[in-house]
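Per my numbering, residue 34 is the first one in the sequence shown, and the count goes up by one each step.
Glycine included, each C-beta is placed from N, C-alpha and C at the ideal position.
Nothing here was measured: the structure is a model prediction, and the numbers come from that model.
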Amino acid sequence: MDLAEDIGGGRYRLAAGLEDTLRRMGERGDIVRLMQRELSARRLDRAGVEQVVSTNLSEPIVGRVIHRGFSDEHRDRHFLMIDGTDGRVHYVDVGRGDGTPGVPEGATVRIEPKRLSATQADRTVAAIAHANGGRYSVDLHLAHDPNASEAFATSHVRRLEAMRRDGNGPERLPDGSWAVADNHLAKAEAFAHRQQRNRPVTLSVLSRTPVAELASRDAPTWLDRAIEGSALAPRDVGFGREVRTALAARRQWLIEQRLATGEHGTFRMRDGAVETLRERELRGAAAGLADRFGKPFEPARMGERVEGVIARRVDLESGSYALVERSRDFTLVPWRDVLERNIGKSASGILRSDGINWQFGRGRSGPTIG
């Protein structure tokens, strides 16, 4: 293990950092024992399957959530145990609790490492401040770059606010401008590294539905994206074997539904198949909500204004939607995280291909839909 060097005469020279090495070995042993306990508690037979401890994730993982817990409760650091499509069981440090969404055990997720550094916005702020005696403001930005919009310049202010809240950012002056130090880019780099340490991964929920049930689900699923993309190559072991079985069954179901062809051993999704599945799922979900809500569903159309009360979030295989209640009906539109704190409030906006830029009115209680 190269922890000591034999220098002769019955003497040994201990390796540099031996104490830290032994501590990490002990921690890894604790983690492996925890993984074994959680697998045994769920009666998951993973005998002979490699167990990977990733305190610093280097490549994406797709898999099923086995367990979430604290790696360090005092520092609010969490881990996820993932049954990977690569046939391995992973322990992944996901950082602070507010850095990743809560996901139920059994959900299929994709976890990717973050690579954060100083941004173009940081460089723009530094350049404008350098040209203006160490000051930055929206007005100075617009004067510096006449092609920039006010909304674009304001996004730079949000970055400065985030750095200031972190405790090592620029100072906001009484006139609303910012005093930007000469070493602003170094501070921005340090801020990015702290962000990455606290929130080292991006977690995407692919589905909360068990993978075997997705094979015949009348909705666009992550299996369809995997089939179309051909990038996922699950191993024939563990969760990977379950995914391989589900992919084969999904291909057959799509062919039976005339959403794909499989002639001469070549599988191909038909044009518009995913959109057809999305419309089917949306209609089915809307019908169920109409029965429980007591109002008809009216689809939102591109380019039209959507106005009503944000009643709740609806999670489907095709994504998350906001249920917008109106006086005579309701509609479903793509969900945005900003809506979470505005449930029950009046809102309006125009539906565009990239979503809705919401404007919020005075809040009032919305209906309760189970």
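* Asked: CB-CB under 8 Å to D324, same chain, minus the five flanking residues each way: which ones, in chain order?
  -> One-based indexing of the sequence shown puts residue 324 at position 291. Counting only Cβ-Cβ distances below 8 Å, and skipping sequence neighbours, we find nothing.
* **Delimiting residues of the beta strand (DSSP E) encompassing K378** => Numbered from its first residue, the sequence shown carries residue 378 at position 345. That run of the beta strand (DSSP E) goes K378 to R385.
* Could you have a look at W211 and say whether DSSP puts it in helix, strand or coil? => By one-based count along the sequence shown, residue 211 stands at place 178. It is a strand residue.
* Go ahead and label S170 buried or exposed: buried means 16 or more other beta carbons lie within 10 angstroms of its beta carbon, across all protein chains shown. => Within the sequence shown, residue 170 is the residue found at index 137, counting from 1. Looking at its Cβ environment, which holds 16 or more other Cβ atoms inside 10 Å, S170 is buried.
* To do: Whole angstroms is fine: what's the gap from S386's alpha carbon to L365's?
  => Here residue 386 refers to the residue found at position 353 of the sequence shown. Here residue 365 refers to the residue found at position 332 of the sequence shown. Answer to the nearest angstrom: the Cα atoms are 15 Å apart.
* To do: Can you have a look at F103 and say buried or exposed, based on whether 16 or more other CB atoms are within 10 angstroms of its CB?
  => Translated into the one-based positions of the sequence shown, residue 103 becomes position 70. The residue in question, F103, is exposed, as its Cβ has fewer than 16 Cβ neighbours within 10 Å.
* To do: Return the Cβ separation of A221 and D155 in integer angstroms, given the expectation that the two are a contact with Cβ distance under 8 Å.
  => For the purposes of this step, residue 221 is identified with residue 188 of the sequence shown, where counting begins at 1. For the purposes of this step, residue 155 is identified with residue 122 of the sequence shown, where counting begins at 1. Correct: roughly 4 Å between the Cβ atoms.
* Could you give the distance in angstroms between the alpha-carbon of I343 and the alpha-carbon of P329? -> Against the sequence shown, residue 343 aligns to sequence position 310. Against the sequence shown, residue 329 aligns to sequence position 296. Each residue's alpha carbon lies about 16 Å from the other.
* **Where the beta strand (DSSP E) through Q84 begins and ends** => As a working note, residue 84 is residue 51 in the sequence shown. Its beta strand (DSSP E) spans residues Q84 to S87.
* E340 - partner residues in DSSP beta bridges -> Working through the sequence shown from its first residue, we reach residue 340 at position 307. S381, per the DSSP bridge assignment.
* Enclosing alpha helix (DSSP H) for S240 [first to last residue] -> Your numbering for residue 240 matches position 207 in the sequence shown. Looking at the DSSP string, S240 is not in any alpha helix (DSSP H); the run it does join, the beta strand (DSSP E), is V234 to S240.
* Could you please give the first and the last residue of the uninterrupted alpha helix (DSSP H) stretch that includes H163? => Reading the sequence shown from its first residue, position 130 is the one you call residue 163. Q153 to A164 is the extent of the alpha helix (DSSP H) around H163.
* Would you decide whether L206 is buried or exposed? Buried here means 16 or more other CB atoms lie within 10 Å of its CB. => Along the sequence shown, one-based indexing puts residue 206 at 173. Exposed, since its Cβ has fewer than 16 Cβ neighbours within 10 Å.
* To do: Please report the Cβ distance between L247 and A279, rounded to the nearest whole angstrom; I am assuming they are in contact, meaning their Cβ atoms lie under 8 Å.
  => Mapped onto the sequence shown, residue 247 falls at position 214. Mapped onto the sequence shown, residue 279 falls at position 246. The Cβ separation is near 6 Å, so the contact holds.
* Asked: Should L384 and R334 be called a contact, given that it needs their Cβ atoms to be closer than 8 Å?
  -> Taking the sequence shown and counting its residues from 1, the one referred to as residue 384 is at position 351. Taking the sequence shown and counting its residues from 1, the one referred to as residue 334 is at position 301. Yes, they are a contact pair.
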